[in-house]
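Colleague: Would you mind keeping the following structure in view while I ask a few things?
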Amino acid sequence: QVQLVESGGGLVQPGGSLRLSCVASGNIFSVNTMYWYRQAPGKERDLVADITSGGVTNYADSVKGRFTISRDNAKNAVYLQMDSLTPEDTAVYYCFAEGYSAYRWRVWGQGTQVTVSS
Numbered sequence: 027q028v029q030l031v032e033s034g035g036g037l038v039q040p041g042g043s044l045r046l047s048c049v050a051s052g053n054i055f056s057v058n059t060m061y062w063y064r065q066a067p068g069k070e071r072d073l074v075a076d077i078t079s080g081g082v083t084n085y086a087d088s089v090k091g092r093f094t095i096s097r098d099n100a101k102n103a104v105y106l107q108m109d110s111l112t113p114e115d116t117a118v119y120y121c122f123a124e125g126y127s128a129y130r131w132r133v134w135g136q137g138t139q140v141t142v143s144s
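Each residue of the sequence shown is one higher than the last, beginning at 27 in the working numbering.
Rendered as structure tokens:
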């Protein structure tokens, strides 16, 4: 079984920063692309950013220039540095990853709440 565990969410004022972390654990042979999604109340879950195992990144237009995704392949970890946060960034943030063990796996994390409010 592969699990993703997120951390780093919380309450921050507008204009502030947070850094989310997500670590994959279990019987892992390789991890392919890693993703961050978010879901605000009453809305669909949307892609925020993703990063391939080679470090190629992709961002939603709404976060370009403010958020930075990175990963540490040795730790099977992905990070999301969030700067210049606005109330519109308030959501539950989910990590998602896919890879291989003895089989192909695709796993979601449990989510971490990010609230931007004064």
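For glycine and all other residues, C-beta sits at the position ideal for the given N, C-alpha and C. Keep in mind that this is a model prediction, so the values were computed, not measured.
Indicate whether the contact test is met: 3 or more Cβ pairs, each with one atom in the stretch 33-41 and one in the stretch 54-64, closer than 8 Å.
Modeller: no
Colleague: Would you kindly work out how many angstroms separate the C-alpha atoms of Gly137 and Tyr119, rounded to a whole number?
Modeller: In the sequence shown, the residue the question calls residue 137 occupies position 111. In the sequence shown, the residue the question calls residue 119 occupies position 93. Going from the Cα of Gly137 to the Cα of Tyr119 covers about 5 Å.
Colleague: Taking Cβ to Cβ, would you say Val133 is nearer than 9 Å to Gln29?
Modeller: The residue given as residue 133 occupies position 107 in the sequence shown. The residue given as residue 29 occupies position 3 in the sequence shown. Yes; because the gap between Cβ atoms is below 9 Å, this pair is in contact.
Colleague: I'd like the list of long-range same chain contacts for Gly147, defined as Cβ closer than 8 Å, with 5 residues on each side in sequence excluded.
Modeller: Lying before the first or after the last residue shown, residue 147 is absent from the chain, which here runs from 27 to 144.
Colleague: Could you give the DSSP three-state label for Asp76: helix, strand or coil?
Modeller: Mapped onto the sequence shown, residue 76 falls at position 50. If DSSP states are grouped into helix, strand and coil, Asp76 belongs with the strands.
Colleague: Which stretch, first to last residue, makes up the beta strand (DSSP E) that contains Ser144?
Modeller: The residue given as residue 144 occupies position 118 in the sequence shown. Careful: Ser144 lies outside any beta strand (DSSP E) and carries neither H nor E.
Colleague: Residues in its own chain within less than 6 Å of Gln65 by CB, not counting five upstream and five downstream?
Modeller: Walking along the sequence shown from the start, residue 65 turns up at place 39. Taken in chain order, the residues that qualify are Arg71, Ala117 and Val118.
Colleague: Quick one: grab the DSSP three-state call for Glu70.
Modeller: As a position in the sequence shown, residue 70 is number 44, starting the count at 1. Coil.
Colleague: In terms of alpha-carbon separation, which member of Phe122, Tyr129 and Ser144 lies closest to Thr78?
Modeller: By 1-based counting over the sequence shown, the position of residue 78 is 52. Taking each of Phe122, Tyr129 and Ser144 in turn and checking the Cα distance to Thr78, the smallest one comes out for Phe122.
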